[in-house]
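Undergrad: First the structure, then my questions, so here it is.
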Amino acid sequence: MLETYLFITPWGDECFKCEKETIRYFGRAEEKVDLKIFPVLNMQVVLNYMKHNQVKNGNYNDLFNRMYLTCLDYKAACYQGRAKGRQFLVAMQKSVIDKGESYSIELGSQLAQQVGLDLTMFEDDRRSEMVQKEFKHDQQLAHEMGAESIPAAVIFNVKDEEYGILMDHYDYQTLASVCKLKLASDDDNSFIPRHFSLLEHRNYFSD
């Protein structure tokens, strides 16, 4: 089984594409996979978004706060199961990225209802201290795994977890090649794709 950590930004169009490609590949692949998706948010993420979308500098604080809200809401949605969390994430990304809607507390509640979340539970969880702590843990995890250029993924073969492969800005075919490499053998590290690196496995996360 492949243990996969996918790091994305909440509003990045490239991240949204990479996320869909990753889910599409693992949905068709024969190997079993444990896929975990983590939102990453920091100053550079916001500045990159502003540059890419030509947002004026004066909107930084508002933009950061709304991105932060999406991260907390996604974490809250995941409390009702990973599948529901992903459904919420995709619904949010379609609203913000595809439709250009401005994210807000009200929109988050609408999307939660749309994907069938327990709204009362969602409203409680999105405000909880635990969600904020888990978000901070996600940022630390991304840092420890070297996921500095987002989107990024780290893949381990559970059968032999000594080393994983860190890759960023990848596509469907590259992901397929790396997964086959990991399944073939973790003992032969002679082939490491360009812009990829080996990452020593640790007990980063349990679910």
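In this text, residue positions in the sequence shown follow my numbering: the first is 1009, and each later residue adds one. Here a beta-carbon is modelled for each residue, glycine too, at the ideal position from N, C-alpha and C. Predicted model only: the values in this text are computed from it and were never measured.
#1: Between which two residues does the beta strand (DSSP E) holding Asp1216 run?
#2: Could you name the residues that DSSP lists as bridge partners for Tyr1013?
#3: Round the Cβ separation of Ala1218 and Leu1119 to the nearest angstrom and send it over; I've been treating them as touching at under 8 Å.
#4: Among the residues of its own chain, which have a CB less than 6 Å from the CB of Asn1159, if the five just before and after it don't count?
#5: With distances taken Cα to Cα, identify the nearest neighbour of Glu1131 among Val1063, Asp1070, Ala1085, Thr1012.
#6: How big is the Cα-Cα spacing for Thr1128 and Cys1079?
#7: Do Leu1010 and Phe1143 have their CB atoms nearer than 8 Å?
#8: Taking Cβ to Cβ, would you say Glu1029 is nearer than 8 Å to Leu1183?
#9: Measure the alpha-carbon distance for Trp1019 versus Ile1045 and round it to whole angstroms.
#10: Quick one: using the 10 Å Cβ neighbour count with 16 as the cut-off for buried, is Ile1113 buried or exposed?
#11: Whole-angstrom Cβ separation of Asp1126 and Gln1088, contact assumed at under 8 Å?
#12: Straight-line CA distance for His1241 to Asp1176?
TA: This is what the structure gives:
#1: Residue 1216 is absent from the model: the chain starts at 1009 and stops at 1215.
#2: Lys1044, Val1162
#3: Because the chain spans 1009 through 1215 in this model, residue 1218 falls outside it and cannot be assessed.
#4: Before going on, a small fix: residue 1159 reads as Pro here, not Asn. Excluding sequence neighbours, Pro1159 sits near Ile1016, Cys1023, Cys1026.
#5: Ala1085
#6: 18 Å
#7: no
#8: yes
#9: 14 Å
#10: exposed
#11: 6 Å
#12: The question about residue 1241 has no answer here: the residues shown for the chain are numbered 1009 through 1215.
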